[in-house]
Structure formats: structure tokens, C-alpha cells
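Remarks on the structure that follows.
In this note's numbering, the protein residues as written are 1177 to 1652.
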């Protein structure tokens, strides 16, 4: 155990006496009178200490992060020297919601003119000034809105291998405004078949969600293989309100008596629903990470063996790598050694200090502002101190923190209750306690990446402790 160079023991009685003396500096008081009447177990002393041993780090990831029906889907591509390629795709199902004419127009021979993707897009991460090419595939297969789908879904098993449309995207969308992307035909035969089903199915298919989804099962939008890799990721809003996105199909038909004369221009909307209370549709996001050439070899979080501790660890957005922090027997011995025989301990504050690998201000611009501490990252189960749900739902402040201190180049998190429980339950612990450091719970599908200083790094992870010792009630 390494302790701070200036280990301090502060008697609560001495603090009170010093304060009283400072207020009555001209009066001498014999404060020994009556001290013998105070039971020994009510005498408190405050200690300051630091532990920097027995905290091992491992580079981990989770492939079981739910991504369906989240109110948004994501699409785009990022590339980083430190964290490799991130490729993000969006699968959406849609339902007919608007038609500018009726089914009985008197026109015949309807023909599609153009298809637009009208999206409520927001820039999430990366360089939006780099033009990307996206492919649009038709989904082939059933999705159930009462099932859970993960970011690691092998989408190739659920789509036609040939894209039907393609489009280009560049720039930063304006907040709360729609962007219109004209879809270009990639395969004429498949596009004709798709558009025919949009326009010309029997009337019951337009009136029943279930019937509709047997014929039109969704679209999958993803960066094309030939598209630039280091670009941007966008979110696409889904739903019934101002977040909605949809397909717009423009077509026309012809006069029944004069088939060569166009009669009506028809506009149809097909909305990407997300709320299962209103429909049976599914939306989801797929994420692929390629760490080739980065030197990163993450191990699946929760595996029985995470291998050897490593100095090269980090936290990455878009369900990327995380850092597993394990408290081994050396840490537990150091923690137990803080408490002398015959004493109890109350942890007043346990601040986890996690240094970044490099103290370069430019890197902090791309770093997550905050990291979370989890028992299980894939389900966003935070440790007891990191009650992110309470913080968000009720607006209550929590002491956890977890923010980046740019001046010191460290993340600081208050894990007081977690450490107190380790002390109280050290005799019954099953294996070494372990937490996962990852993106803040509401930012898992956001950008952000930072390398951290792990086991053997230049700056070790530390636990700064403020605690109170008091004698057990049976001690004299």
C-alpha cells in the first residue's frame, strides 16, 4: 500500500478545540477537564490516505447492448488512429401514414417519380463536412417488437444482399429541421419491385400493420464499402412527434380515357415508427468496430478470464471498448490495513482517480465529458454510487461525479458507498470485486474516446480516502 506522503490523523476533539481557541484567542481554557467522562468508543479520529496498489485494468467490450426502439437510430462512419473504425447502420420499419389522393382517383397506370428520405437528423460525432455514401437495403425477415436486439446483430442475415437505393450525405443538419435526401436507384429491377409494393398492394394491406409488415419489412441504411471511413455519425429521430422521419414517394397516374396524359400527382408518406404502443414496428442500430492496427485487443466483458492486466485501456462511445477495473487481494489487504485492531471505520469519501494516458488538451476535446461506473455495462447497471436513473428521472444530484478534470488530466468519481461495502463484506466476497468504466449511461450511443492510464502506466489509478476511525464499543 502506498500512502500519501503527508498522512494526516486529525482528532475531532482537537479540531473543535482549535476552532474554539481561534474564536477566543485571549482566553485560556483547560479542556482536559471532563475528557475522562467520554467513553473511548465515542472518540473519533479522521484519517486521510491513498491506495494505489492492487487495482488492475483490462480492456473490455460488450456485444450485448440493446439498441432497438430507443427513439433514435444512428448511421455513419468514424475512424481513429487509437480506436480504429466504427461503422454504424440504421434499420427502420415504416407504415403508410399519408396520401394526397384517395384510392379511387379515376386515374390509371400509376408510375413512381422519385423517393425521398426525409429525416430529422442530428450530428452526433465526427467530421460532418466529409461526404458519405449510404446504401439502402430492403429487410427480408421478421422482427418482433417484444424482442430485444443488440448492437452486434448480424444484419446480413436479415437483408437482401443487393442495395435498392443509394444517397449521399454531408454537412451538419439544422436543429429541429428536416433534411431531404433524394434516393438514387442502385438496382432498377429491385427498386421497381419495391415501389410497386408501396403503391399497388390490395387495400387491406394499407389498413393493417401486421399485413403490411408481411410484404414490406423495413429498410437498412449503412455507409457503403466505398464510402470514406473517417467521416461523421448522425442520429435519425423516430416517432409521431417532431422527431419523426419518413419516406416520401412522389408518383403520378394517367387519365383513363387518354392514357398518355398525366392526371394526378400523388404524394405518399411512410413514417418510421418507433413507439410500440402505436404500432408493431421495430427500429434498431447496428455497430461494427474494427481495431485492426490499433494494438487494442479487447476481451468480452464478463468473461471468466480477462487475461493479463494491461496499461493500454480506454473508454469509447458507440458501444465501443470499456475498462474493467479489478480490486485484487493486494488492494483488499491495503484497505483492511487502514483499520487498526479494535476499531471500526466509516468511509467519509472515497474518490477514484483515473488518469488519462496523455495530458494533451486537444485529445480532451474528443474525450467523453463523463464516465460511468457499472456492475454490468450492457444493461447499464451502475454501481450503488452511480445511480444515473435517479439523477435523470428525479433531477436529484448524486455525489458520484465521474467528470473529466482537464487541469489534472484525470477522471474523478466518488465511490464511497461501494468501498464501504467492500470493507464491510470483505470476509464474504466471492472473487475480486470488479467494476466497468464506460460511457455515461445516456451517452453510450454518442461519440467520445479517451485512452486511460492502466496497470503499469506512468500515472497509476488511485483511491483517495477520507475516513473516520472509532473504537469498538467493547474497547477501553
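Yeah, the Cβ is synthetic: ideal placement off N, Cα and C, and Gly gets one too. Keep in mind that this is a model prediction, so the values were computed, not measured.
Here residue 1362 carries a coil assignment [DSSP, helix/strand/coil]. In the three-state scheme derived from DSSP, where H, G and I count as helix and E and B as strand, residue 1369 is classed as helix. Assignment of residue 1339 by DSSP, reduced to helix, strand and coil, places it in the coil class. A contact is defined here as three or more CB-CB pairs under 8 Å, and the segment 1401 to 1408 meets this definition with respect to the segment 1300 to 1307.
Residue 1362 and residue 1501 have their C-alpha atoms spaced approximately 48 Å apart.
Going by beta carbons, residue 1441 and residue 1628 fall outside the 8 Å limit. Only residues of its own chain outside the window of five on either side were considered, and among them 1349, 1355, 1410 and 1412 have a CB closer than 6 Å to the CB of residue 1297, listed in chain order.
Residue pairing by DSSP places residue 1465 opposite 1262 in a beta bridge. With contacts defined as CB atoms closer than 8 Å, residue 1271 and residue 1397 fail to qualify as a contacting pair. Cα atoms of residue 1470 and residue 1540: separation of roughly 19 Å, rounded to the nearest angstrom. Inter-residue distance for residue 1597 and residue 1638 is about 18 Å (C-alpha atoms, whole angstroms).
Here the C-alpha atom of residue 1260 lies approximately 51 Å from the C-alpha atom of residue 1285. Judged by DSSP secondary structure, residue 1512 falls within the alpha helix (DSSP H) whose first and last residues are 1505 to 1512. Here residue 1571 is exposed, its C-beta having fewer than 16 other C-beta atoms within 10 Å. Taking 8 Å as the cut-off, the beta carbon of residue 1601 is found no closer than this to the beta carbon of residue 1504.
Shown here, residue 1353 sits in coil according to DSSP, grouped into three states, outside any helix or strand.
Per the DSSP secondary-structure output, residue 1225 pairs in a beta bridge with 1641.
Here residue 1522 is exposed. Its C-beta has fewer than 16 other C-beta atoms within 10 Å. The C-beta of residue 1321 has 16 or more other C-beta atoms within 10 Å across all chains shown, which makes the residue buried. Non-local C-beta neighbours of residue 1591 in its own chain, meaning closer than 7 Å and more than five positions away in sequence, comprise 1526, 1528, 1549, 1559 and 1561, ordered along the chain. Boundaries of the beta strand (DSSP E) harbouring residue 1552: 1547 to 1552, taken from the DSSP string.
The shortest C-alpha to C-alpha distance from residue 1542 to any of 1512, 1573 and 1493 is the one to 1493. In the DSSP annotation of this structure, the continuous segment of the beta strand (DSSP E) that includes residue 1231 starts and ends at 1231 to 1237.
Between the C-alpha atoms of residue 1563 and residue 1443 there is a straight-line separation of about 48 Å. For residue 1376, the three-state secondary structure derived from DSSP is helix. Here DSSP, grouped into helix, strand and coil, assigns residue 1458 to coil.
When the beta-carbon positions are compared, residue 1485 and residue 1630 come within less than 8 Å of each other. With a cutoff of 8 Å on beta-carbon distance, residue 1487 and residue 1585 are scored as not near each other. In the displayed model, residue 1268 falls within a strand according to three-state DSSP. For residue 1326, there is no enclosing alpha helix (DSSP H), as DSSP marks it with neither H nor E. Looking at the DSSP output, residue 1316 sits in no beta bridge, so it has no partner there. The beta-carbon separation of residue 1310 and residue 1335, rounded to 14 Å, does not stay under the 8 Å limit for a contact. Beta-carbon to beta-carbon, residue 1447 and residue 1249 are separated by about 14 Å, too far to satisfy the 8 Å threshold.
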